[in-house]
Each structure stands twice: as C-alpha cells, then as structure tokens.
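These notes are about the structure you will find just below.
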Amino acid sequence: MPNLSNDLNSIINKRLNNLSASKIRAFDQKVSSIPGIIKLTIGEPDLATPEHVKQAAIADIQADDSHYAPHKAGKPELLDAISNYLDRSIGVHYDPKSEICVTVGATSALNDVFMTLLNPGDKILVPTPVWALYFQLIKMTGAIPVQIDTKKDGFILTPEHLRHVLEGRGKGAKAIILTDPSNPTGRVYPAETLKALAEVIKEYKIFSVTDEIYAELVYGNAEHHSLSEYISDHNILISGLSKAYAMTGWRLGYIAGPKQIMQNIRKINAFLVTSVTDNVQMAAVEALNNGQNDPLQSRKIYESRLQFMQTSLEKLGFEMATPQGAFYIFAKIPEKYGTDDETFAYELAQKAKVGVTPGRYFGKGGEGYVRLSYASSTEQLRESLRRITDFVNNL
Ligand SMILES: Cc1ncc(COP(=O)(O)O)c(C=O)c1O
Numbered sequence: 003m004p005n006l007s008n009d010l011n012s013i014i015n016k017r018l019n020n021l022s023a024s025k026i027r028a029f030d031q032k033v034s035s036i037p038g039i040i041k042l043t044i045g046e047p048d049l050a051t052p053e054h055v056k057q058a059a060i061a062d063i064q065a066d067d068s069h070y071a072p073h074k075a076g077k078p079e080l081l082d083a084i085s086n087y088l089d090r091s092i093g094v095h096y097d098p099k100s101e102i103c104v105t106v107g108a109t110s111a112l113n114d115v116f117m118t119l120l121n122p123g124d125k126i127l128v129p130t131p132v133w134a135l136y137f138q139l140i141k142m143t144g145a146i147p148v149q150i151d152t153k154k155d156g157f158i159l160t161p162e163h164l165r166h167v168l169e170g171r172g173k174g175a176k177a178i179i180l181t182d183p184s185n186p187t188g189r190v191y192p193a194e195t196l197k198a199l200a201e202v203i204k205e206y207k208i209f210s211v212t213d214e215i216y217a218e219l220v221y222g223n224a225e226h227h228s229l230s231e232y233i234s235d236h237n238i239l240i241s242g243l244s245k246a247y248a249m250t251g252w253r254l255g256y257i258a259g260p261k262q263i264m265q266n267i268r269k270i271n272a273f274l275v276t277s278v279t280d281n282v283q284m285a286a287v288e289a290l291n292n293g294q295n296d297p298l299q300s301r302k303i304y305e306s307r308l309q310f311m312q313t314s315l316e317k318l319g320f321e322m323a324t325p326q327g328a329f330y331i332f333a334k335i336p337e338k339y340g341t342d343d344e345t346f347a348y349e350l351a352q353k354a355k356v357g358v359t360p361g362r363y364f365g366k367g368g369e370g371y372v373r374l375s376y377a378s379s380t381e382q383l384r385e386s387l388r389r390i391t392d393f394v395n396n397l
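Residue numbering for the sequence shown follows my numbering, starting at 3 and increasing by one per position.
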C-alpha cells in the first residue's frame, strides 16, 4: 500500500488546513456502532422515489441515451420543466435557454455558485444555525463565512439584524446565503420578512443566494416564497429534487438566476461535471412535469410526524421555535440537563439508543440544542420518543 511521501504531504493545497471533516457525519458514524440504535441524525427521506419517475429513467437507459449531452447546462426538456415549475411555484420566469443550469444535486449547485462569486478574502454572510457544508465549500474558495446568529429572533434573520451586520462585522460582504425552509431549524421565512430583507440586500448591493431545496416541504399555514419574487436581479436560486421526490441518491439539482451571472455559473458547471447523467435528467423531467402531486403526499406524511414529534417533545420540556418546513426539529435540551448539547446527544445515544445531532455542529446559536430528523418511519419515531421519554424522566 503506497504511503504518501512526507515531502509531498506538506505541499498540498493549504486551504485544506482550514477545513474540518463533517462533525455531523463523524457523530453519525460513532453512534451507528451502538447496537439497536435508532438514528434521527441524517436528513435522508425514508420514502421511496415515485414509481413513474424510476420508470422514466429505466426507459431512457433502454433507449440508449448514454452519450455526452449536447447541452451541458441541461437537457432542453429538463430546462423547460424547471422553468415551468418555477413559473408555477414562485411566479418568476427564468429563460430555459440562458437562465437555468442543471447540477449534480444542490451541493454541486452551491459549489458552482460559490466558485463563481467568491475570491480569496471575500466575505459572505451566513445566518446560523445552518447546514454546515456551506462553511467548508465557502472556505474551499478562500472566502470567509461571516456567521449571523439568529437564535434571539426565533432563527429568522430580521432586516434590522442584517443591516446591523452589514454596517459592522460584515461590512463589504459580497453576498448572503439564506436557507428557506431551514435545515436544521425547520423555520420558514414569511413573505413580509423576505420582502424587507430584499430591500436591505438591494440597498447594500450584494448578491443573495437562496437554498430552496426544501421548498416543497412546508406545513400548516406556512407558504414558501423566494427572494427571487422580490429581487430576481440580485438573487441566485438553488434547488433540486433530492428532498421533495426522495431522490437524494440520484443527484439532481439546479440553479436559476440572471443570465449575466448564469453564463459564468454554466461555464463552471461544465468545467466541473461536464453535464448531469442523462437518465437522471429524464427522470427529473417526469417528476416535474407529471409528478406534481408526489411532494404533496410526502408533505402529508411529514406533517403528521412533525405534529406527533413536536407535541411529545414539548411535553417533555424541549422548547423550539415552531418548525414549519423541511423534516427537522431543532429543540432546546431540557433545562434540568444544562446546555451541553454534545454530551446530551452522546448520553442519549449510549443510554437511550436514540441518535440526534448536537446543535453546535450547525454554527453559532446552535449550542444547547439538538436536531432531530423526522424523515424516519412513524414506528421508529414512536419508539424513539418512548426511549427519549424514559431517558428524560430518569435524568
Ligand atoms: C440545506 C441543504 N442544502 C442542500 C442539501 C444537499 O442537497 P443535495 O442532496 O441535492 O446535494 C442539503 C442536504 O441535506 C441541505 O440540507
């Protein structure tokens, strides 16, 4: 087995020194070895990809659609389907020929956008707690993520807070990234807040990047809106099929934005991945054109799980800002336990055999909280709640 020469190890890309391996994955791996554990750690839908979507991919493979796609930004049918979906869902028209790009999941979309916008030393604002991969992708470009702790406002960034940061620590920032609905908090931005944030973004002449991967998963009275509805000339919208259609492993995402910036984003995407797998693109066409009811069914299932989890956890003394979207609950650990979320999560895993993720892994404001994913079967959620109840009652 080859061992890298010491002389070479010291000359690899120095930016890697600033990157840490995912604590969420590491924690998940650690608790995975506990026999009988129920894991509510990972944001992975337990539902299956809809049958008609799978059949579309199979048909495409059978038809020998297996060559370099002529259009690197995406197959024309898929670019049209995405454009129509955005028209229907947020009422903003993106030209399929120049304003949309198909990517390998939302993750590669984020990477394309950060590589397009950010130079070493640039600042980008990141409201926290947040999906922690942003930090690593931003640091890979040499840029600096400026965290904005949103805990005091129920995990919603207010326009006043944004302005305050832009006048202080975040002065000169180039962009802000907003996750809506949020992982890990499940919070959804009301339209009026987005409108007011849009005003500040315009005034300070910065880009906004919205990660709307959970857009289809909103519950109760909550409605999903996009910053693009108010500032389509500043906003770069990222989304994909991973969560709404239970297609995490297919790796299908997309970006939509003004054509001047999309030209560059499409270029970067072509450099990095050439194009997205043919049959995956055709499955996505089927999902978006003929599967409009699929996310509605998932939504019903997740919503009833959320109600059950939220009510049960609140009875046990966990507090939370009401989750209205995605499939996560971000709960403050009971007062009698203190505020050490990491120890709490380890003890819960070892003693009660339930895996939850420590809140501090999601950035500032997450300390004292844990994230529970309810993308698990109802039976598993019921059993995990029984175990959490025993654990908390015996504290
Ligand atoms: C906020 C957020 N954005 C992006 C992703 C990644 O999406 P994809 O699997 O399409 O790359 C996730 C996955 O958990 C997420 O939570």
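Ideal Cβ placement from N, Cα and C applies to all residues, glycine included.
{"Check": "Alpha-carbon to alpha-carbon, Glu201 and Ile399", "Outcome": "In the structure as shown, the chain starts at 3 and stops at 397, and residue 399 therefore has no counterpart that could be examined."}
{"Check": "Beta-bridge partners of Glu321, as assigned by DSSP", "Outcome": "Lys334"}
{"Check": "Cα-Cα separation between Tyr216 and Phe329, rounded to whole angstroms", "Outcome": "9 Å"}
{"Check": "Continuous alpha helix (DSSP H) assignments of at least 4 residues falling wholly in the stretch 153 to 234", "Outcome": "161 to 169, 193 to 205, 230 to 233"}
{"Check": "Chain-ordered list of residues that sit, by beta carbon, closer than 6 Å to a heavy atom of ligand 1", "Outcome": "Gly45, Gly107, Ala108, Thr109, Trp133, Thr181, Asn185, Asp213, Ile215, Gly242, Ser244, Thr250, Gly255"}
{"Check": "Ser241 and Tyr256 closer than 9 Å at C-beta", "Outcome": "yes"}
{"Check": "Element boundaries [alpha helix (DSSP H), containing Gly107]", "Outcome": "107 to 119"}
{"Check": "Assigned exposure category for Gln294 - 16 Cβ within 10 Å defines buried", "Outcome": "exposed"}
{"Check": "Tyr191 versus Phe157, Ser386, His73, residue with shortest Cα-Cα distance", "Outcome": "Phe157"}
{"Check": "Check whether Ala258 and Val94 have beta carbons under 9 Å apart", "Outcome": "yes"}
{"Check": "Beta-carbon spacing of Ala175, Tyr136 below 9 Å", "Outcome": "no"}
{"Check": "Residue interval of the beta strand (DSSP E) (run including Pro129)", "Outcome": "125 to 130"}
{"Check": "Collapsed DSSP secondary structure at Ala2 in the structure displayed", "Outcome": "Only positions 3 to 397 of the chain appear in the structure, and residue 2 is not among them; the question remains open."}
{"Check": "C-beta atoms of Lys77 and Gln265 nearer than 9 Å", "Outcome": "no"}
{"Check": "Extent of the continuous alpha helix (DSSP H) run through Ser85", "Outcome": "78 to 92"}
{"Check": "Continuous alpha helix (DSSP H) assignments of at least 4 residues falling wholly in the stretch 41 to 81", "Outcome": "53 to 64"}
{"Check": "Between the CA atoms of Arg384 and Val356 - distance to the nearest angstrom", "Outcome": "11 Å"}
{"Check": "At least three beta-carbon pairs within less than 8 Å, the stretch 121 to 141 to the stretch 343 to 357", "Outcome": "no"}
{"Check": "Beta-carbon proximity list for Val115, same chain, < 6 Å, skipping 5 on both sides", "Outcome": "Val211, Ile238"}
{"Check": "Neighbourhood of Thr43 by C-beta, 6 Å cutoff - its chain only, sequence neighbours within 5 removed", "Outcome": "Asp30, Gly357, Thr359"}
{"Check": "Residue from Ala145, Ala198, Ala193 whose Cα sits closest to the Cα of Arg165", "Outcome": "Ala198"}
{"Check": "Outcome for Thr313 when other beta-carbon atoms lying within 10 angstroms are tallied against a minimum of 16", "Outcome": "exposed"}
{"Check": "Ile14 versus Val132: straight-line alpha-carbon distance, rounded", "Outcome": "29 Å"}
{"Check": "Where the beta strand (DSSP E) through Ser379 begins and ends", "Outcome": "First-last for Ser379: undefined, no H or E at that position."}
{"Check": "Same chain, Cβ closer than 6 Å to Lys317, neighbours up to 5 away in sequence not counted", "Outcome": "none"}
{"Check": "Span separating the alpha-carbon of Asp9 from that of Asp151", "Outcome": "41 Å"}
{"Check": "Sequence-distant residues of its chain with Cβ nearer than 7 Å to Ala108 (five each side left out)", "Outcome": "Asp213, Ile215, Ile240, Ser241, Gly242, Ser244, Gly255"}
{"Check": "Distance CB(Val287)-CB(Ala50) smaller than 9 Å", "Outcome": "no"}
{"Check": "Spatial distance of Lys261 from Leu88 (CA atoms)", "Outcome": "16 Å"}
{"Check": "Same chain, Cβ closer than 7 Å to Ala323, five either side skipped, listed in chain order", "Outcome": "Gly156, Phe157, Thr187, Arg189"}
{"Check": "Whether Glu305 touches Gly361 by CB criterion (9 Å)", "Outcome": "no"}
{"Check": "Beta-carbon proximity of Ala246 to Gln326, cut-off 9 Å", "Outcome": "no"}
{"Check": "Which listed residue (Gly172, Ser184, Ala289) has its alpha carbon closest to that of Ile203", "Outcome": "Gly172"}
{"Check": "Beta-carbon proximity of Asp343 to Gly368, cut-off 9 Å", "Outcome": "yes"}
{"Check": "Delimiting residues of the alpha helix (DSSP H) encompassing Asp342", "Outcome": "Element bounds for Asp342: n/a, residue is neither H nor E."}
{"Check": "Start and end residues, beta strand (DSSP E) containing Ile238", "Outcome": "237 to 242"}
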